[in-house]
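K.L.:
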Amino acid sequence: MRGNVYYHPSKLVCLKAKGDVWYVQVTKPTELQVKNNKQVRRSTGTTDKKEAERRQHRITEEIYAFFDAEIDLLTPQPPVKIVYSSEPPDPLYQFRPKPIIPKADASLRLSRIWPKYIEGRNWRREKTKNGIKSHLKEFLSVVGDLQVDQIKKKHGYQYARFLDQTGYSNSTVGTRVRAVGSMLTWCEEHDIIENHTLRNLNLKDYGYPGRPWKPFPAEDLQSIFSQELPQQERLCLSLLAITGARLDEIALLRWSQVKSTNGIKYLDLTEAIVKTPGSNRLVPLHKNFAMPEASEGRIFDYPEGQDGKSQNNASRDMMPFIRSAVGDDDRKALHSFRGTLKDMLRNAGVSKELNDFFTGHSSGDVAGDYGEGHSLAKRFEAINKVDIEFLGPELLSN
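And the structure:
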């Protein structure tokens, strides 16, 4: 109890969708509850329950302090005042013209506009489309079914505050607010509104700071690949370790993408479903890596999702091997292989420009240009400077 307001006790909840990270959860005071927005969650930043319990009190006090600030902003309703007048009523009041009050245009309601936006835009990926749709519905549930021409910056901050309270990272807060902004840009382009009002919001203090992935040190690599691994998982993990490619780029590989020119075997990622233009690239395989004999179709059988991607199913099958080898550090995951290779290339004296080609952070290659010239040879020379003995004998050539 703080003043006349009851604050609920906190509890710890483990969220599988967040990688088994523990969150502190508190039910909002009745005075702050809006529709389905009734709880606040903040990440403890750990998968260790005992460590989460140690952090619980501090995070709970931070949440209570947030409640204090929100309650202070509640404006008390002024008491109704009865005013007596000695003047007689206007006998002609009912005959005088009344001011015209414009009616709200139901066609401009968020609930009417966002489906038109979703259907009216070309989407490269179904996953992106579904994600934006989810964020717009969430925004509507937080701010209400406003007319889009009535959306102001304060509504963007209201949504950001909700996401912060729910326990999202600063990066996620920015992504979701920008999703709403993309709809307003579309509304501008289609002459539905005059101005997109959610530009230039200052969101740096909303959401917890992002935590970068940790690369695997040499002892972790040794532990991962010295395990008894199924053949498919060993090959997939090995390719992640020596190419710097994203999980989905490897999980969706087809045998037709494994190519060879001038004695250089490489992966052709120029026509894959990619995140950025730089992802269209050719990645040489280490001269000591023994790629299995080619076949047809896909190399791995991880099921594809609605958007044609396999990363979720591949991660589900491989993460148990990462956890058993390196423990529960939630900053070490399959994505860590990308940073690991960058470190190994840097330590081998490879330039940043060449280094960036492996992870898709460069300008990339043009589809159809199969790199028979200088650049592929240079990349091949670069990867061969890296020691890949940690893979073990199964996929190393003699």
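Letter by letter, the sequence shown follows residues 1 to 398 of our numbering. Each residue gets a CB set at the ideal place from its N, CA and C atoms; glycine is no exception.
1. Which residues in the same chain as Glu-227 place their Cβ atom closer than 8 angstroms to its Cβ, once the five residues preceding and following it in sequence are excluded?
2. Beta-carbon within less than 6 angstroms of Ile-193's beta-carbon, same chain only, minus the 5 sequence neighbours each way: which residues are those?
3. So which of Leu-376, Ser-315, Val-350 has the shortest CA-CA distance to Gly-19?
4. By the three-class DSSP mapping on this structure, what secondary structure does Thr-175 have?
5. Would you identify the three-state DSSP class for Trp-22, choosing helix, strand or coil?
6. State the beta-bridge partners of Cys-14 as determined by DSSP.
7. Using a 10 Å radius around the Cβ and a threshold of 16 neighbouring Cβ atoms, would you call Asp-369 buried or exposed?
8. What three-state label does DSSP hand Asn-262 in the structure shown?
9. According to DSSP, simplified to helix, strand and coil, what is Leu-396?
10. Leaving out the 5 sequence neighbours to the left and right, which residues in its chain are closer than 8 angstroms to Pro-91 when beta-carbon positions are compared?
11. Quick check on Lys-385: does DSSP put it in helix, strand or coil?
12. Find out if the Cβ-Cβ distance for the pair Ala-179, Ile-113 is shorter than 8 angstroms.
13. Can you have a look at His-135 and say buried or exposed, based on whether 16 or more other CB atoms are within 10 angstroms of its CB?
14. Spell out a yes or no on whether the segment 196-210 and the segment 295-305 are touching, meaning 3 or more CB-CB pairs, one atom from each, closer than 8 angstroms.
15. What does the alpha-carbon distance come out to for the pair Arg-379 and Gly-263?
16. If you draw a straight line from the alpha carbon of Thr-27 to that of Tyr-7, how long is it in whole angstroms?
17. Relative to the alpha-carbon of Gln-257, which residue among Val-283, Val-34, Lys-214, Leu-229 has its alpha-carbon at the smallest distance?
18. Report all residues from its chain with a CB closer than 8 angstroms to the CB of Val-21; omit the five preceding and five following residues, and keep chain order.
19. Among Asn-288, Thr-270, Phe-289, which has the Cα closest to the Cα of Asn-280?
P.N.:
This is what the structure holds:
1. As a working mapping, residue 227 is identified with position 227 in the sequence shown. A quick correction: the sequence has Gln, not Glu, at residue 227. Cβ within range, chain order: Phe-321, Ser-324, Ala-325.
2. Here residue 193 refers to the residue found at position 193 when the sequence shown is read from its first residue. Excluding residues within five positions, the ones whose Cβ falls inside 6 angstroms are Val-148, Asp-149, Cys-187.
3. Here residue 19 refers to the residue found at position 19 of the sequence shown. Nearest C-alpha to Gly-19 among Leu-376, Ser-315, Val-350: Ser-315.
4. The count along the sequence shown starts at 1 and reaches residue 175 at position 175. Taken through DSSP and simplified to helix, strand or coil, Thr-175 comes out as helix.
5. By 1-based counting over the sequence shown, the position of residue 22 is 22. The answer is strand: DSSP assigns Trp-22 an E or B state.
6. To locate residue 14, count along the sequence shown from 1; it is residue 14. Paired residues: Trp-22.
7. Residue mapping note: residue 369 aligns to position 369 of the sequence shown, counting from 1. Bear in mind that the predicted position of Asp-369 carries a pLDDT of just 42, short of 50, making it unreliable; the figure below should be weighed with that in mind. Exposed, by the Cβ-count rule.
8. Taking the first residue of the sequence shown as 1, we reach residue 262 at position 262. DSSP places Asn-262 in coil when its eight states are reduced to three.
9. The count along the sequence shown starts at 1 and reaches residue 396 at position 396. Of the three classes helix, strand and coil, the one that applies to Leu-396 here is strand, per DSSP.
10. Locating residue 91 in the sequence shown gives position 91, counting from the first residue. Closer than 8 angstroms at Cβ, skipping near neighbours: no residue.
11. The sequence position of residue 385 within the sequence shown is 385, counting from 1. Reduced to three states, the DSSP call for Lys-385 is coil.
12. Taking the sequence shown and counting its residues from 1, the one referred to as residue 179 is at position 179. Taking the sequence shown and counting its residues from 1, the one referred to as residue 113 is at position 113. Here Ala-179 is not near Ile-113, since their CB atoms are 8 angstroms or more apart.
13. The count along the sequence shown starts at 1 and reaches residue 135 at position 135. Result: buried.
14. Too few Cβ pairs lie closer than 8 angstroms, so no.
15. By 1-based counting over the sequence shown, the position of residue 379 is 379. By 1-based counting over the sequence shown, the position of residue 263 is 263. Between the alpha carbons of Arg-379 and Gly-263 lies a distance of about 13 angstroms.
16. By 1-based counting over the sequence shown, the position of residue 27 is 27. By 1-based counting over the sequence shown, the position of residue 7 is 7. Going by C-alpha positions, Thr-27 is about 8 angstroms away from Tyr-7.
17. Locating residue 257 in the sequence shown gives position 257, counting from the first residue. By alpha-carbon distance to Gln-257, the top candidate from Val-283, Val-34, Lys-214, Leu-229 is Val-283.
18. Counted from its first residue, the sequence shown places residue 21 at position 21. For Val-21, where only same-chain residues beyond five positions count, the Cβ hits under 8 angstroms are Cys-14, Leu-15, Ser-43, Thr-44, Gly-45, Thr-46, Thr-47, Asp-330.
19. Position 280 of the sequence shown, counted from the first residue, corresponds to residue 280. Here the closest residue by C-alpha is Thr-270.
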